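Protein chains in written order, with the working numbering: chain A, 1 to 251; chain B, 252 to 706. We treat Cβ as the ideally placed atom computed from N, Cα and C, and that holds for glycine. Quick caveat: nothing in here was measured; it's all calculated off a predicted structure. Down below is the structure, laid out as structure tokens.
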Amino acid sequence: MTTIRLAHLYPEYLNIYADRGNIAVLTRRAELRGHSLAIEAVSVGDALRPGEHDLVYIGGGQDREQTLVAPDLAAKSDALHEIAAGGAALLAVCGGYQLLGRGYRGRDGSEMLGVGLFPHETVAGERRLIGDVLLDCELEPGLRRTVAGFENHAGRTKLDAGAEPLGRVIAGFGNDGESGFEGCRVGRALGTYLHGPLLPRNPWLADLLLSFAIAHASGSEPMPLEPLPDRLEAVAHDVAAARARSRGGRF
Amino acid sequence: MSVRLSLECAAARAVGRLSRAAGKGGGTTLPGKLLWKLDPGAIDALAARLPLGSALVSATNGKTTTTAMAASILRSRHRLAWNSSGANLTSGVASTLLAAPDAELALLEVDEAALPEILRRTKTGVVSLGNLFRDQLDRYGELEIVAERWRAAIAALSPTTTLVVNADDPVVAELASDRNRVVRFGIDDPAHARVSLQHAADSKYCVRCGQPYVYDAAYVGHLGAYRCEACGHCRPPLDVAARRIELDGLAGSSFDLATPSGTARVQLALPGLYNVYNALAAAALAYALAIPLDDIVSGLEGFTAAFGRFERIEADDREVVMLLIKNPAGANEVVRTLVDAETPAVVVVALNDAVADGRDVSWIWDVDFEPLLERVERVVVTGERAAELGLRFVYGGLAESALDVVEPLGEALTRGLELVPAGGRLVVLPTYTAMLALRAIATERGLVRPYWERA
Chain A
1 MTTIRLAHLY PEYLNIYADR GNIAVLTRRA ELRGHSLAIE AVSVGDALRP GEHDLVYIGG
61 GQDREQTLVA PDLAAKSDAL HEIAAGGAAL LAVCGGYQLL GRGYRGRDGS EMLGVGLFPH
121 ETVAGERRLI GDVLLDCELE PGLRRTVAGF ENHAGRTKLD AGAEPLGRVI AGFGNDGESG
181 FEGCRVGRAL GTYLHGPLLP RNPWLADLLL SFAIAHASGS EPMPLEPLPD RLEAVAHDVA
241 AARARSRGGR F
Chain B
252 MSVRLSLECA AARAVGRLSR AAGKGGGTTL PGKLLWKLDP GAIDALAARL PLGSALVSAT
312 NGKTTTTAMA ASILRSRHRL AWNSSGANLT SGVASTLLAA PDAELALLEV DEAALPEILR
372 RTKTGVVSLG NLFRDQLDRY GELEIVAERW RAAIAALSPT TTLVVNADDP VVAELASDRN
432 RVVRFGIDDP AHARVSLQHA ADSKYCVRCG QPYVYDAAYV GHLGAYRCEA CGHCRPPLDV
492 AARRIELDGL AGSSFDLATP SGTARVQLAL PGLYNVYNAL AAAALAYALA IPLDDIVSGL
552 EGFTAAFGRF ERIEADDREV VMLLIKNPAG ANEVVRTLVD AETPAVVVVA LNDAVADGRD
612 VSWIWDVDFE PLLERVERVV VTGERAAELG LRFVYGGLAE SALDVVEPLG EALTRGLELV
672 PAGGRLVVLP TYTAMLALRA IATERGLVRP YWERA
């Protein structure tokens, strides 16, 4: 079947919120459908070559690690734009989501330039936004589904007017704690603050990313993947969703 | 003591007795909470009464065990005010000082976030800093934030305070770089180094210049003999070291304890390299308090286990071994110890998500559970977030047929014991509140005594 070529950016720097859980889910769910994932770690100093990847993953790190990768990521900016424009799928979580926006302004006034793939800007806030989150998403027309995750970020991310969020906040803080938006979507590129990790308890989102990646690899339109039982996934989602409803979005 | 303080103390102690009488637990933090409400300065006054001052122990991992080991060494010489149940926030410290009016020395395990305030309020003679790992990011924020607070607190310390630091942790060792009175401890035995840094290793980049460290030996997480090839920063020389370490599975370990006052062989009744670090921290603390080497060795050898960290419970003709897990670095060492020993056939893993466990359960994905999953026959997952653990293990390669999901802790314990043959051993790996609940269940079943009734 299809070999999905995944570029995992800075795995040894940006790995704090269980990012490898997301990779494990993508791998297993691809394999259960007869596909395979070929994972390439692309780190500081490594070349990121457009056309060689169907899926790009960038995770979150602590401030120190993010500062260490930022200059290298800036050098990969053109390649990332080209990859996204070429229709490859992309998932950016937390720190990676911030770095793929236009920039980040710290509490000390320092400016970190971003890649500008997502139409947003981030400014560090005083208190960290920490807790369980539940989102209402409509990434395919007419198909509304929820995402349950956990957020922990000092940054307040403002989407440009008209930009598409990943979802609307049912419970939790989201991008900035006030807009009601969480994450951002540009074509097949998805960005979010939610970890937990994101994909194990939101398997539909993993499958959507895989369908984008398979479409890119095979040069066809995205097709839904055959369903899996996902019983534990559903329980985990429901428990996390209940947590968000009862305690998300509060300091 | 002032009249006001006496009255406050009397009232707070009475609350502790009421709490125990009402069966609400050990009453270990309630009196302190009340005292704290009545008079935040009371801790300063209570600590100032101690003729030998205070010795504090903080770390992400091992602080309860390290403090208990230090107590085992120190209590033959000094009357201690020791927070043995792990009540390590300001209220717990207040309760401990309140409950020990005749103490000579306070020996206090202190929460990482509470350390700056408690350093400020107690007359601290010695402070031991063990390690900093990623832990409960939902509560503490990032590791660097904790390090920064510690840095500021240390800068404000009297020059007569002795710092005991783990030289093998680059961030912690650096905290003592410009202090005069320092005791540095670490492991010096490359035979026990890991082949490579673990997935969740934290402080991998030079604290001075940001380049990746080269590890001549990595022992536990990012703890080890590191050096930066770019700027030359490296692990400082060790004052107190463990050499020629021998690990004997769950039965314990032994090592040469090298100190400036001599070297002696230590037989430890606790498993794993991480407990060698705890023993080193306790030994270095005792050394800083001028305790002779013979007393240090006998104190370490006489020590069995700290509350809930490593417990053996008899359950009729089976044995339950409970090992606390709470963050990636600690859990990795528990897994390594189990795999290095005779890997158990059945493991119960319990995940809760109360504040004391960490509301964010994503850390379970940063634990290297895979070596255990490859070897066990059956895993029972339990606790409020049992399904999350189930996903972690199934996506980590465990066959679904080898997984039982049993949310209620008591039922999971029963199920685990059913799966173990008579004479066998059930290993239970709980998070903090799951450990408390499982102990309560074991107590109800007549298997263990409550912690405040023990020595």
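Rounded to whole angstroms, what's the CA-CA distance from residue i to residue j? Just pull it up for me.
{"i": "B:Ala-365", "j": "B:Leu-307", "result": "11 Å"}
{"i": "B:Ile-405", "j": "A:Gly-106", "result": "26 Å"}
{"i": "B:Arg-495", "j": "B:Phe-506", "result": "5 Å"}
{"i": "B:Val-600", "j": "A:Ile-214", "result": "36 Å"}
{"i": "B:Gly-647", "j": "B:Ala-566", "result": "31 Å"}
{"i": "A:Arg-29", "j": "A:Asp-207", "result": "7 Å"}
{"i": "B:Pro-579", "j": "B:Asp-619", "result": "8 Å"}
{"i": "B:Leu-574", "j": "A:Ser-220", "result": "51 Å"}
{"i": "A:Arg-185", "j": "A:Leu-209", "result": "12 Å"}
{"i": "A:Gly-131", "j": "B:Pro-543", "result": "49 Å"}
{"i": "B:Ile-615", "j": "B:Arg-636", "result": "11 Å"}
{"i": "B:Ala-509", "j": "B:Val-377", "result": "20 Å"}
{"i": "B:Gly-513", "j": "B:Ala-296", "result": "38 Å"}
{"i": "B:Leu-677", "j": "B:Glu-562", "result": "12 Å"}
{"i": "A:Ala-88", "j": "B:Leu-521", "result": "52 Å"}
{"i": "A:Tyr-10", "j": "A:Glu-151", "result": "21 Å"}
{"i": "B:Ser-734", "j": "A:Leu-228", "result": "Within the shown structure, residues of chain B are numbered from 252 to 706, placing residue 734 of chain B beyond reach of any answer."}
{"i": "B:Thr-316", "j": "B:Cys-460", "result": "34 Å"}
{"i": "B:Asn-603", "j": "A:Arg-243", "result": "12 Å"}
{"i": "B:Ala-541", "j": "B:Ile-324", "result": "12 Å"}
{"i": "B:Asp-439", "j": "B:Asn-312", "result": "20 Å"}
{"i": "B:Arg-643", "j": "B:Ala-502", "result": "29 Å"}
{"i": "B:Ile-396", "j": "B:Asp-420", "result": "16 Å"}
CB-CB under 6 Å to residue i, same chain, minus the five flanking residues each way: which ones, in chain order?
{"i": "A:Gly-116", "result": "Arg-102"}
{"i": "B:Asn-339", "result": "Glu-360, Val-361, Asp-362"}
{"i": "B:Glu-552", "result": "Gln-518"}
{"i": "B:Gly-725", "result": "Absent from the structure is residue 725 of chain B, since the part of chain B shown begins at 252 and ends at 706."}
{"i": "B:Ala-351", "result": "Ala-332"}
{"i": "A:Thr-67", "result": "none"}
{"i": "B:Glu-425", "result": "Val-458"}
{"i": "A:Asp-72", "result": "Val-44"}
{"i": "B:Glu-704", "result": "Residue confidence for B:Glu-704 is low, a pLDDT of 47 falling below 50, so the modelled location carries little weight; the figure read from the coordinates is stated next. Excluding residues within five positions, none has a Cβ falling inside 6 Å."}
{"i": "A:Ala-241", "result": "Leu-134, Ala-148"}
{"i": "B:Arg-486", "result": "Ala-418, Ala-476, Tyr-477"}
Skipping 5 residues on each side, what residues in its chain have a beta carbon closer than 7 Å to that of residue i?
{"i": "B:Ala-605", "result": "Thr-684"}
{"i": "A:Ser-211", "result": "Pro-222, Met-223, Pro-224, Leu-225"}
{"i": "B:His-329", "result": "Leu-303, Glu-355, Leu-356"}
{"i": "B:Ala-706", "result": "Caution is warranted here: a pLDDT of 40 is assigned to B:Ala-706, below 50, making its placement in the model unreliable, and the coordinate value is therefore given only provisionally. Cβ within range, chain order: n/a, list empty."}
Cutting at 8 Å between CB atoms, please list the residues of its own chain near residue i, excluding the five before and the five after it.
{"i": "A:His-237", "result": "Thr-146, Ala-148, Arg-201, Asn-202"}
{"i": "B:Val-446", "result": "none"}
{"i": "A:Leu-6", "result": "Ile-23, Leu-26, Leu-37, Ala-38, Ile-39, Glu-40, His-53, Asp-54, Leu-55, Val-56, Tyr-57, Ala-213"}
{"i": "B:Gly-641", "result": "Val-632, Leu-654, Val-656"}
Identify each residue in the segment 16-31 of chain A for which the Cβ-Cβ distance to at least one residue of chain B is less than 7 Å, and report them in chain order.
Ile-16, Tyr-17, Ala-18, Arg-20, Gly-21, Ala-24, Val-25, Arg-28
Within 7 Å of chain A by C-beta, residues of the segment 289-303 of chain B in sequence order
none
Across the segment 621-640 of chain B and the segment 31-43 of chain A, are there enough close Cβ pairs to call them in contact, namely three or more that are closer than 8 Å?
no
Unbroken stretches of the alpha helix (DSSP H), 4 residues or longer, contained in the segment 63-116 of chain A:
63-75, 77-85, 95-99
Evaluate contact between the segment 91-110 of chain A and the segment 193-209 of chain A, counting only Cβ atoms and requiring at least three cross-stretch pairs below 8 Å.
yes
Does the structure place the segment 74-87 of chain A close enough to the segment 144-163 of chain A that three or more beta carbon pairs sit under 8 Å?
no
Between the segment 52-65 of chain A and chain B, which residues of the former have a C-beta closer than 8 Å to a C-beta of the latter?
Gln-62, Asp-63, Arg-64, Glu-65
Taking beta-carbon pairs under 8 Å, can you tell me which members of the segment 645-657 of chain B lie near chain A?
Val-645, Tyr-646, Gly-647, Val-656
How do the segment 450-469 of chain B and the segment 406-413 of chain B stand: do at least 3 beta-carbon pairs fall below 8 Å, yes or no?
no
At least 3 beta-carbon pairs within less than 8 Å: the segment 128-139 of chain A vs the segment 164-183 of chain A
yes
Taking beta-carbon pairs under 8 Å, can you tell me which members of the segment 208-238 of chain A lie near chain B?
Leu-232, Glu-233, Val-235, Ala-236
For the segment 176-191 of chain A and the segment 112-128 of chain A, state whether three or more C-beta atom pairs, one from each stretch, are separated by less than 8 Å.
yes
Along the segment 369-385 of chain B, what residues have a CB closer than 8 Å to any CB found in chain A?
Arg-385
Three or more C-beta pairs closer than 8 Å, one from the segment 650-662 of chain B and one from the segment 576-587 of chain B: is that the case here?
no
Contact set between the segment 140-154 of chain A and chain B, restricted to residues whose Cβ is under 7 Å from the partner:
Phe-150, Asn-152
Sequence ranges, beta strand (DSSP E) only - wholly within the segment 496-566 of chain B, length at least 3
503-510, 513-519, 561-566
Given 8 Å as the limit, is there contact between the segment 15-29 of chain A and the segment 170-182 of chain A, that is, 3 or more CB pairs closer than that?
no
Touch test, the segment 234-250 of chain A against the segment 670-689 of chain B, Cβ-Cβ under 8 Å, three pairs minimum:
no
Note down, one range per segment and in chain order, each alpha helix (DSSP H) of at least 4 residues found wholly within the segment 568-647 of chain B.
579-591, 621-624, 637-646
Determine which residues of the segment 177-197 of chain A have a Cβ less than 8 Å from any Cβ of chain B, and write them out in chain order.
His-195, Gly-196, Pro-197
Closer than 7 Å, Cβ to Cβ, to anything on chain B: give me those residues from the segment 64-96 of chain A, in chain order.
Arg-64, Leu-68
The segment 605-626 of chain B: which residues have C-beta closer than 8 Å to a C-beta of chain A, in chain order?
Arg-610, Asp-611, Val-612, Ser-613, Trp-614, Ile-615, Trp-616, Asp-617
Output needed in chain order: residues of the segment 475-496 of chain B with a Cβ under 9 Å from some Cβ in chain A.
none
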